[in-house]
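S.K.: Got a structure here, written out as structure tokens. Questions coming.
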Amino acid sequence: MVRQYPVIITVRDRLTQLKQLLTWLENAGQHEIWLCDNASTYPPLVEFLDTTKHKVLYNKFNLGHRAPWLSGLVPELGSDSYFIISDPDVVPDEHTPSDVLSMFESTLRAEQTIDKVGFSLRIDDLPDHYVHKADVITWESQFWKNKLLPGFYFAPIDTTFAMYRPGSGHQNAKSLRSAPPYTARHLPWYQDFSNQTAEDRYYVENCDNLITNWNTDKLPAAVKAILVKLRTPPNSSTA
Numbered sequence: 004m005v006r007q008y009p010v011i012i013t014v015r016d017r018l019t020q021l022k023q024l025l026t027w028l029e030n031a032g033q034h035e036i037w038l039c040d041n042a043s044t045y046p047p048l049v050e051f052l053d054t055t056k057h058k059v060l061y062n063k064f065n066l067g068h069r070a071p072w073l074s075g076l077v078p079e080l081g082s083d084s085y086f087i088i089s090d091p092d093v094v095p096d097e098h099t100p101s102d103v104l105s106m107f108e109s110t111l112r113a114e115q116t117i118d119k120v121g122f123s124l125r126i127d128d129l130p131d132h133y134v135h136k137a138d139v140i141t142w143e144s145q146f147w148k149n150k151l152l153p154g155f156y157f158a159p160i161d162t163t164f165a166m167y168r169p170g171s172g173h174q175n176a177k178s179l180r181s182a183p184p185y186t187a188r189h190l191p192w193y194q195d196f197s198n199q200t201a202e203d204r205y206y207v208e209n210c211d212n213l214i215t216n217w218n219t220d221k222l223p224a225a226v227k228a229i230l231v232k233l234r235t236p237p238n239s240s241t242a
């Protein structure tokens with residue numbers, strides 16, 4: 004019998020990518036899945052949430068990336084159980100071994116100073132049509148540098164697919180990202196803004212620009228500022 008973990012997926016006006024993640028989870032034998040809806044209005048997603056076999060928690064407002072905590076789901080489901088949180092647009096790579104979830108748990112048990120273990124995100128196959136390709140590679144490369152253990156990088160994880168130890172007070176900085184073949188794709192990094200679907204257009208038109216980073220054709224100023232620092236050679240200075 005497959006060990007079950009509570010899985011909390013934050014949902015907001017994205018259906019196609021959510022279905023891909025749900026398919027992976029179901030194929031991995033996971034059934035204790037909660038969809039934490041951030042006041043979605045995209046009609047096909049609203050209909051899906053009304054009919055899905057998975058549990059749905061409806062938030063009255065867009066609570067952003069803190070929704071699993073602010074909604075009360077983490078205290079309810081994760082107080083005494085290892086649990087998983089993911090955005091709806093992060094899907095494990097097709098070559099990820101089937102033991103990945105048990106591997107995440109065993110790593111958390113062995114490394115008591117680590118709060119969560121999740122996937123490294125692929126950047127080696129980003130398409131040229133993605134307008135932020137160079138920016139994403141610059142941003143993500145920093146998370147592939149600090150090897151802490153065999154098969155892991157010590158790097159922060161926000162709300163991309165990760166397993167958390169039971170309890171609360173988790174810190175993004177106390178995280179491990181798994182090395183290949185345990186990787187995932189952040190699906191927005193593969194989209195073509197010049198050839199958007201109706202769903203893509205609806206999402207962009209209705210998203211909160213203070214929350215979204217890579218899903219639109221323009222990056223927030225805060226992200227741009229960090230990219231400048233990442234591209235500045237060490238010990239360089241401006242006159």
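In the numbering used here, the protein residues as written are 4 to 242.
In this text, a Cβ means the ideal position worked out from N, Cα and C, and glycines have one as well.
(1) Drop a sphere of 10 angstroms on the beta-carbon of L151, count the other beta-carbons inside from all chains shown, and report buried for 16 or more, exposed for fewer.
(2) Using the three-state DSSP reduction, which class does A42 fall into: helix, strand or coil?
(3) Go ahead and pull the three-state DSSP assignment for G81.
(4) Skipping 5 residues on each side, what residues in its chain have a beta carbon closer than 7 Å to that of D118?
(5) Run through DSSP, which three-state label would V5 get?
(6) Starting from F107, trace the alpha helix (DSSP H) in both directions and tell me its first and last residue.
(7) V120 and S181 - do their beta-carbons sit closer together than 8 Å?
(8) Since S123 and Y156 should fall inside the 8 Å C-beta cutoff, what is the C-beta to C-beta distance between them, to a whole number of angstroms?
(9) Please report the Cβ distance between Y185 and V103, rounded to the nearest whole angstrom; I am assuming they are in contact, meaning their Cβ atoms lie under 8 Å.
(10) Using only alpha-carbon positions, find the residue among D40, Q115 and D92 that is nearest to L28.
(11) With a CB to CB cut of under 7 Å and the five nearest residues on each side skipped, what residues in its chain are close to R15?
M.R.: On the basis of the data shown:
(1) Walking along the sequence shown from the start, residue 151 turns up at place 148. L151 is exposed by the Cβ-count criterion.
(2) Residue mapping note: residue 42 aligns to position 39 of the sequence shown, counting from 1. A42: coil per DSSP, three-state reduction.
(3) For the purposes of this step, residue 81 is taken as residue 78 along the sequence shown, with counting starting at 1. Three-state DSSP puts G81 in coil, outside helix and strand.
(4) Taking the first residue of the sequence shown as position 1, residue 118 is located at position 115. Only Y167, R168, H173, Q174, K177 and S178 meet the Cβ criterion.
(5) Residue mapping note: residue 5 aligns to position 2 of the sequence shown, counting from 1. Three-state DSSP puts V5 in coil, outside helix and strand.
(6) Residue numbering aside, residue 107 sits at position 104 when the sequence shown is read from its first letter. V103 to A113 is the extent of the alpha helix (DSSP H) around F107.
(7) For the purposes of this step, residue 181 is identified with residue 178 of the sequence shown, where counting begins at 1. For the purposes of this step, residue 120 is identified with residue 117 of the sequence shown, where counting begins at 1. It is a contact, given that the beta carbons lie within the stated cut-off.
(8) Position 120 of the sequence shown, counted from the first residue, corresponds to residue 123. Position 153 of the sequence shown, counted from the first residue, corresponds to residue 156. Sure, about 6 Å apart at Cβ, within 8 Å.
(9) Sequence index remark: in the sequence shown, residue 185 carries index 182 (1-based). Sequence index remark: in the sequence shown, residue 103 carries index 100 (1-based). So it is a contact: roughly 5 Å between Cβ atoms.
(10) Here the question's residue 28 lines up with position 25 in the sequence shown. Looking at the Cα atoms, D92 is the closest of the given residues.
(11) Along the sequence shown, read from residue 1 onward, the residue named residue 15 stands at position 12. Closer than 7 Å at the Cβ level, and outside the excluded window around R15, lie N41, S43 and N65.
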